[in-house]
Each structure stands twice: as structure tokens, then as C-alpha cells.
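Asker: Numbering-wise, our numbering puts 57 at position 56 of the sequence shown, and it's gapless, one number per residue.
C-beta: ideal position from N, C-alpha, C; glycine also.
Supplied in C-alpha cells, the structure appears directly below.
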Amino acid sequence: MSEKCAEPCAGLARLERRVDDLQRQVGGDHKELRDRLAEVETTNAVQNAKYDAIIEKLDGLTRRHDGLVNKLETLEAKPGKRWEALAEKSVWAVCAAVISWLLRGAGL
2 MSEKCAEPCA GLARLERRVD DLQRQVGGDH KELRDRLAEV ETTNAVQNAK YDAIIEKLDG
62 LTRRHDGLVN KLETLEAKPG KRWEALAEKS VWAVCAAVIS WLLRGAGL
């Protein structure tokens with residue numbers, strides 16, 4: 002049996018060395034991939050935190066913008082209301098003058 006095993010055993014030893022080499026290489030590759038994945042996860046967590054902060058600030062700015070728009074609309078409407086009030090008072094004054102003139106003409 003040793004005669005038959007001499008040549009295949011040498012091939013088997015080479016095959017075992019090759020398997021050992023491949024296992025070391027794969028183990029190194031797996032370690033590198035795990036390290037890179039951990040780095041990506043850390044970077045992703047940091048970016049998510051930054052994204053959340055940006056969204057929060059954007060929501061705050063949106064609320065402030067809406068408040069400022071409402072104030073601006075109110076301020077823009079004030080002069081129009083003043084002119085409307087002045088026009089209404091002017092119409093009443095003219096009506097009062099016309100009525101007074103008519104009453105005076107009628108002798109009352």
C-alpha cells in the first residue's frame with residue numbers, strides 16, 4: 002500500500018498546502034471586508050445623524066418662513082385697509098354734505 006500512496010500522498014500534501022494558503026487568503030479577505038463594512042456602517046450612522054440635523058433645521062426654517070409670510074401679508078394688507086377706511090369716511094362726508102345742502106335748500 003505504501004507504493005500506491007507515495008505519489009498520491011505528495012499530491013495530497015501539495016493540495017493541503019494549497020488549501021491552507023487559500024484559507025489564509027480568504028480569512029484575510031474576510032477580515033478586510035468586515036473592517037470595510039464596519040467603516041461603511043460608521044460613516045452611514047454619521048451621515049444619518051447629519052441628515053436628521055439638516056431635516057430638523059429645514060423644518061424650523063420652514064416654520065419661520067411661514068410665520069414671516071403671514072406677517073408680511075398682514076403688513077401688506079394694512080395700507081389697503083387704511084385706504085378703504087379713508088374712502089369710506091370720504092363717501093360718508095360727501096353724503097352728509099349733500100344731505101345738509103339739500104336740507105338747507107328745503108329750508109330746514
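1. Check whether the Cβ of isoleucine 56 lies closer than 7 Å to any heavy atom of the ligand FAD, and answer yes or no.
2. Using the three-state DSSP reduction, which class does glycine 108 fall into: helix, strand or coil?
3. Run through the segment 28-100 for me and flag every whole beta strand (DSSP E) of 3 or more residues, listed as ranges in chain order.
4. Quick check: what's the CA-CA separation for leucine 87 versus alanine 50?
Answerer: Well, looking at it:
1. Among the components of this structure there are no ligands whatsoever, and the ligand FAD is therefore not found.
2. coil
3. none
4. 56 Å
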